[in-house]
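Protein sequences, first through last, are from chains G and E. Residue 280 in full-length UniProt numbering is what sits at position 280 of the first sequence, and the numbering runs on without skipping anything. Residue 245 in full-length UniProt numbering is what sits at position 245 of the second sequence, and the numbering runs on without skipping anything. The block underneath contains the structure these notes are about, expressed in structure tokens.
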Amino acid sequence: MPPFTTSRRRLLRWVGAAGAAGLAGCAGGSGDGSELVATLGADVSTYDPTQANDTTSRKAFGLVYEPLVSVDFEGTVRPTLATAVDQRDDRTWRISLREGVTFHDGSDLTAADVVATFERYEGTPRESDVYLWYDDATIRDDYTLDVTLSEPYAPFQLSLGGVPIVPEAAATDALDLSNGPVGTGPYAFDTHEPDRLYRLVRNDDHWYGGEGEADDGDGVPDTPPIETLTFRIIVEQSSQVAALRAGDIDLANNPPADAVADLRADDAITVSERLAGGFEMLVFPLATSPFSNRDVREGIARLVPRQEIIDSVYGGIGQPAYAPISPLLSDYTSESFLQEMGEEYMRYDPEQARELLERGFSALDISPPYETTIVTNETGDRVRWAQLVRDELNRTDYFDVSLEQFEWNTYVGRVLAGDSHRSDAMMALGWSGGWDPDTYLRSVFHGEQSTPSCCNAAHYANDEVDRLLDEALTVYDTAERRELYEQAQRRIVSDAPVAFVRFGTRIEAFRSDTVEGFRTYPLDSGEFTAIYAPWANTYTSLGGG
Amino acid sequence: MSLRRYVLRRTLLTLPILFGVSVLTFSLVKLLPGTPVDYVLQFQEATPELRASLRAQYHLDEPLWRQYLLWLNDVLHLDFGDRVVSDRSVRAAIAERLPETLVLGGVAFLIALLVGVPAGVLAAVRRGTLVDEGSRVVALAGIATPNFWLGLLLILLFGVHLNLVSVIPPIAPLFAPESLAFLVLPAITLGTASAALFTRLTRSAVTEQLRQEYVRTARAKGLDERTVVVKHVLRNSLISVVTVAAVQVAFLLDGAVVIERVFSWPGLGRLLVRAILQRDFPVVQAVVLLVATAVVLANLLADVLYAWLDPRIAY
């Protein structure tokens, strides 16, 4: 899996950069022999969770491996390979495993596999997925273990959801995961032809016993209704949309915004959308005048035409952002809080912006117009919103802004450079978070995360914010955490190291006559969760057509 | 100098060129921002030990000249190392993709020749007529049309609106009839510019030949026009076409990078683009070196063919 991303200390994962994916299929009812031909927007580069730094790979093995717990479509933690995760004290959690679960290689799942899974992260590119919180584990019996954390860690259960369990043999090199993923999931690996296809077949020995009811009242089947999943690798988004419309594939992940209206108009296609984790923002280089001045920053933030951006760039899809935590996390933010932040510090208001800029420029004794740049990568939507912001700024007498685009890797190198805060350019960025509030804040706003450590490109540093974020990470009580995160957000938004622009939306488009029951998962790499997720009473089948 | 000596000398001359190509390939890749370590770590914080061990794994801790020599030594043994993004060898990845690109390029080349040369001859024979003017307009449009755009246009027309062909390649072996049938659109897209070039080139070569004395002689001898054009004029005209055709190999490989993406064709171009984005340097170096070598060899072949076809050429 994982069905959510833990972007803490992780890369900047610019919204839309991950490539798209989709599902497709030929018809054949939900009976035997059914094949769903899916798509991935890039090739799968590894089958090993400890090596996978790209969303495509994580997407591709999401149905093969399973974590101890999963996070459902609303962000609720659900038992998966664990039947219970109980807290013993601040740092110790007892995990009870489901009995009778077998890996695709026939071996039984036991506590030893879980411990080996945790420990094989050491010294790997994804070390921080586990070693942010993992200290030690004690096996109590074949199906019970105690995990000791290095310190109290609030997102522990969500983090468990991001650790796909692999057989112990993979840790001892008796099993080489580079030949193919081996998990306990509802689908087992079949073939991979690089840049051509990646195929999974139904695991008829999946542990699920058919208990529970699906949302539509039908019982959840014991095994997935779809027998074979073939992911076709289609890099070019336009080709992906064309393939969907031609019926060569039946579902496309994240079609480009400018194709959505056409897809909506097509009777054969259903477009499903829901709020995603993540936001777009304009980052200010805090060490450079005039961006060092708070009034100037707020002035610019108030010139970001958010609604116009959503309407004209994103075809009406998305929501204006005034604070970092996505409304997706309803336990930690609310519409009224966002509106309040907008009103006080960020909402589009050219008149107020002029006053703020006037005050800021006078305080700095800078005579306008100030020549500067907005840098972006070549993601079309991002370039277009940056153009709209540039135009707004140039309409005032205070700025003479130009736009500069960079190839993706050059761009990442530039915005994550250690001196990003000394640049004289604003940076148009996207950030994707997960189900925990910390994922929206720490990497971008914690003082210790300043580039090149991680992704705080503005080099925003506020001791109070750092303290709040650190404390919130150790508090298990949701209400208490929410209070801490509200305080942190309030400080950040009022300091305005960045101007928040838009909360993203995840979109899937699928052929109405074949795909049934598909639900849109809001986070990166969890797109295929809906194919079979008995823990969330969700499965997709193929209809007539 | 005999032809044999010329070929030998010309072949020896390619060695320093290939050496230069290897130095350039190696250096240009080094100029790309980032290192494989950045990709592996995705710019995350990492312990200095982990970073150092990864750097050592890719020989990044060695001086540049030594990195080059280590690389060159491996390359001369046809060992391109392992990929950064997986444990698989670069050679295996290339071996897997090369046939796909060669078949796509081959079909495109064939289409370009089969369309371009006859069209050029026709235009020359009927020069000044509507056929000539028409072929000029079509050829210019063919040269000017970005193949990316043409590809998408063909997909929309034949794949979506007319629903005659699949938008994505069939799941079948490379030489299965359905795979070859699928190749028609990408090959047309890829071959269009070359076809247009061959048309213009053939037209001017044939026009030139038609003015020669020997044509007048042949006609005077009573040979029919068809024999004059096909047996005499075309053979002489093809000298320049052949040389340009060899160089077109480079353009076809180049264009494949874009076309393979549009048509989801799993060839070398796709491998290269993804490798660049992933900082999979061993792959980038191997593919660029391979393509550059192919171009150098194509040029060599063109020169040799030229010399062989036209004994008047001094060497």
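Glycine included, each C-beta is placed from N, C-alpha and C at the ideal position.
For chain E, find out if any of its Cβ atoms is closer than 9 Å to the Cβ of Asp43 of chain G; answer yes or no. Within the first sequence, numbered from 1, the residue matching residue 43 of chain G stands at position 43. For Asp43 of chain G, the answer is yes, since a Cβ of chain E falls inside 9 Å of its Cβ.
Using Cβ-Cβ distances below 8 Å, what residues of the segment 149-180 of chain E are close to chain G? Leu152, Ile155, Leu156, Gly159, Val160, Asn163, Ser166, Val167, Ile168, Pro169 and Ile171
Contact belief for Phe528 of chain G with Gly62 of chain G at Cβ below 8 Å, rounded distance in angstroms: For the purposes of this step, residue 528 of chain G is taken as residue 528 along the first sequence, with counting starting at 1. For the purposes of this step, residue 62 of chain G is taken as residue 62 along the first sequence, with counting starting at 1. So it is a contact: roughly 6 Å between Cβ atoms.
is_contact[Thr230 of chain G, chain E] using C-beta, thresh 9 Å: Looking up residue 230 of chain G in the first sequence gives position 230. For Thr230 of chain G, the answer is yes, since a Cβ of chain E falls inside 9 Å of its Cβ.
Assuming Asp262 of chain G is part of the alpha helix (DSSP H), what are its boundary residues? As a first step, residue 262 of chain G must be located in the first sequence, where it is residue number 262. Taken as a continuous stretch (DSSP letters only), the alpha helix (DSSP H) holding Asp262 of chain G covers Ala257 to Ala265.
Beta-bridge pairing of Asn456 of chain G - partner residues as DSSP gives them: The residue labelled residue 456 of chain G in the question sits at position 456 within the first sequence. Asn456 of chain G has G:Ser450 as its beta-bridge partners, per DSSP.
If we ignore side chains and look at the alpha-carbon of each, how far apart do Thr191 of chain G and Asp176 of chain G end up? Residue 191 of chain G sits at position 191 when you count from the first residue of the first sequence. Residue 176 of chain G sits at position 176 when you count from the first residue of the first sequence. One C-alpha to the other measures close to 15 Å.
Cutoff 9 Å: Gln307 of chain G Cβ touching any chain E Cβ: The residue labelled residue 307 of chain G in the question sits at position 307 within the first sequence. Answer no: the Cβ-Cβ gap between Gln307 of chain G and chain E never drops below 9 Å.
Neighbourhood of Gly31 of chain G by C-beta, 6 Å cutoff - its chain only, sequence neighbours within 5 removed: Reading the first sequence from its first residue, position 31 is the one you call residue 31 of chain G. No answer about Gly31 of chain G holds up, because its pLDDT of 41 lies below 50 and its placement is not dependable.
Selected residue, minimal CA-CA separation from Gly278 of chain G, among G:Arg126, G:Pro67 and G:Gln319: Position 278 of the first sequence, counting from 1, holds the residue named residue 278 of chain G. Comparing Cα positions, the closest option is G:Gln319.
According to DSSP, is Gln307 of chain G helix, strand or coil? If you number the first sequence from 1, residue 307 of chain G lands on position 307. It is helical.
Here's the rule I'm using: 16 or more other beta-carbon atoms within 10 Å means buried, otherwise exposed. How should Asp87 of chain E be labelled? Indexing the second sequence from 1 puts residue 87 of chain E at position 87. Answer is exposed; the Cβ neighbour count stays below 16.
Note the first and the last residue of the continuous beta strand (DSSP E) segment covering Gln118 of chain G. To locate residue 118 of chain G, count along the first sequence from 1; it is residue 118. Rather than Gln, the amino acid found at residue 118 of chain G in this sequence is Phe. Not the beta strand (DSSP E): Phe118 of chain G falls in the alpha helix (DSSP H), residues Ala111 to Glu119.
Just the chain G side, please: which residues come within less than 7 Å of Ser86 of chain E by C-beta, in chain order? Here the question's residue 86 of chain E lines up with position 86 in the second sequence. Here the neighbours are Ser45, Thr46 and Ser178.
If you drop the 5 nearest sequence neighbours on each side, which residues of the same chain put their C-beta closer than 6 Å to that of Leu253 of chain E? Walking along the second sequence from the start, residue 253 of chain E turns up at place 253. Same-chain partners within the cutoff: Val291.
Taking the alpha carbon of Pro221 of chain G as the reference point, which residue from G:Leu542, G:Tyr532 and G:Gly543 has its own alpha carbon closest? In the first sequence, counting from the first residue as 1, residue 221 of chain G sits at position 221. When each option's Cα is compared against that of Pro221 of chain G, the closest is G:Tyr532.
Hey, out of E:Arg10, E:Val107, E:Ile155 and E:Pro169, whose CA is closest to Leu297 of chain E's CA? Walking along the second sequence from the start, residue 297 of chain E turns up at place 297. When only C-alpha atoms are compared, the closest one is E:Arg10.
Suppose you measure from the CA of Gly22 of chain G to the CA of Asp43 of chain G; what does that come to, to the nearest Å? Your numbering for residue 22 of chain G matches position 22 in the first sequence. Your numbering for residue 43 of chain G matches position 43 in the first sequence. For Gly22 of chain G, the pLDDT reaches just 26, beneath the cut-off of 50, and the residue's location in the model is therefore unreliable, although a value from the coordinates is still provided. So the two alpha carbons sit approximately 13 Å from each other.
Checking contacts by CB at 9 Å: is Gln352 of chain G closer than that to chain E? Here the question's residue 352 of chain G lines up with position 352 in the first sequence. Judged by the 9 Å Cβ criterion, Gln352 of chain G is not in contact with chain E.
Chain-ordered chain G contacts of Pro266 of chain E [CB-CB under 8 Å]: Along the second sequence, read from residue 1 onward, the residue named residue 266 of chain E stands at position 266. The contacting residues are Glu193, Pro194, Asp195, Arg196 and Ile233.
Rounded to whole angstroms, what is the Cα-Cα separation between Gly433 of chain G and Val242 of chain E? Position 433 of the first sequence holds residue 433 of chain G. Position 242 of the second sequence holds residue 242 of chain E. One C-alpha to the other measures close to 57 Å.
According to DSSP, what are the bridge partners of Glu371 of chain G? In the first sequence, the residue the question calls residue 371 of chain G occupies position 371. G:Asp400.
How would you label Gly219 of chain G, buried or exposed, when you count the other beta carbons within 10 angstroms and need 16 or more for buried? The sequence position of residue 219 of chain G within the first sequence is 219, counting from 1. The residue is exposed, with fewer than 16 neighbouring Cβ atoms inside 10 Å.
Could you please give me the residues that DSSP links to Ile17 of chain E through a beta bridge? To locate residue 17 of chain E, count along the second sequence from 1; it is residue 17. Ile17 of chain E pairs with nothing; no bridge assigned.
Could you name the residues of chain G that Ala286 of chain E contacts, counting a contact when the two beta carbons are closer than 8 Å? Counting from one through the second sequence, the residue named residue 286 of chain E turns up at place 286. Near Ala286 of chain E there are no residues of chain G at all, since even the closest Cβ is about 15 Å away, more than 8 Å.
Residues of the segment 246-267 of chain E whose Cβ lies closer than 9 Å to any Cβ of chain G, in chain order: Glu260, Arg261, Val262, Phe263, Ser264, Trp265, Pro266 and Gly267
In angstroms with no decimal places, state the Cα-to-Cα distance between Lys221 of chain E and Leu190 of chain E. Working through the second sequence from its first residue, we reach residue 221 of chain E at position 221. Working through the second sequence from its first residue, we reach residue 190 of chain E at position 190. C-alpha separation (whole angstroms): 43 Å.
Chain E contacts from the segment 116-135 of chain G (Cβ-Cβ distance under 7 Å): Gly123, Pro125 and Ser128
Can you name the start and end residues of the alpha helix (DSSP H) that residue 552 of chain G belongs to? The structure shown does not extend to residue 552 of chain G, since chain G is modelled only from 1 to 545, so the question has no answer here.
Hey, Leu329 of chain G and Gly75 of chain G are a contact pair by Cβ (cut 8 Å); roughly how many whole angstroms apart? As a position in the first sequence, residue 329 of chain G is number 329, starting the count at 1. As a position in the first sequence, residue 75 of chain G is number 75, starting the count at 1. Here Leu329 of chain G really is in contact with Gly75 of chain G; their C-beta atoms are around 7 Å apart, less than 8 Å.
What in chain G is Cβ-close to Leu50 of chain E, meaning under 9 Å? For the purposes of this step, residue 50 of chain E is taken as residue 50 along the second sequence, with counting starting at 1. Result: Gly123, Thr124, Pro125 and Glu127.
Can the beta-carbon of Phe189 of chain G be found closer than 9 Å to that of Ala499 of chain G? Walking along the first sequence from the start, residue 189 of chain G turns up at place 189. Walking along the first sequence from the start, residue 499 of chain G turns up at place 499. Contact flag unset, no.
Using 9 Å as the threshold, is the C-beta distance between Val262 of chain E and Leu152 of chain E below it? Position 262 of the second sequence, counting from 1, holds the residue named residue 262 of chain E. Position 152 of the second sequence, counting from 1, holds the residue named residue 152 of chain E. Going by C-beta atoms, Val262 of chain E is nearer than 9 Å to Leu152 of chain E.
Taking all protein chains shown into account, do 16 or more other C-beta atoms lie within 10 angstroms of the C-beta of Ala24 of chain G, making it buried, or fewer, making it exposed? Position 24 of the first sequence holds residue 24 of chain G. Since pLDDT at Ala24 of chain G reaches only 27, below the 50 mark, its modelled position is unreliable, and no value is offered.
Counting only beta-carbon atoms, is Asn253 of chain G nearer than 9 Å to chain E? As a working mapping, residue 253 of chain G is identified with position 253 in the first sequence. Judged by the 9 Å Cβ criterion, Asn253 of chain G is not in contact with chain E.
Whole angstroms are fine: how far does the CA of Glu335 of chain G sit from the CA of Ser326 of chain G? Residue mapping note: residue 326 of chain G aligns to position 326 of the first sequence, counting from 1. Residue mapping note: residue 335 of chain G aligns to position 335 of the first sequence, counting from 1. Near 10 Å, if we compare the C-alpha coordinates of Glu335 of chain G and Ser326 of chain G.
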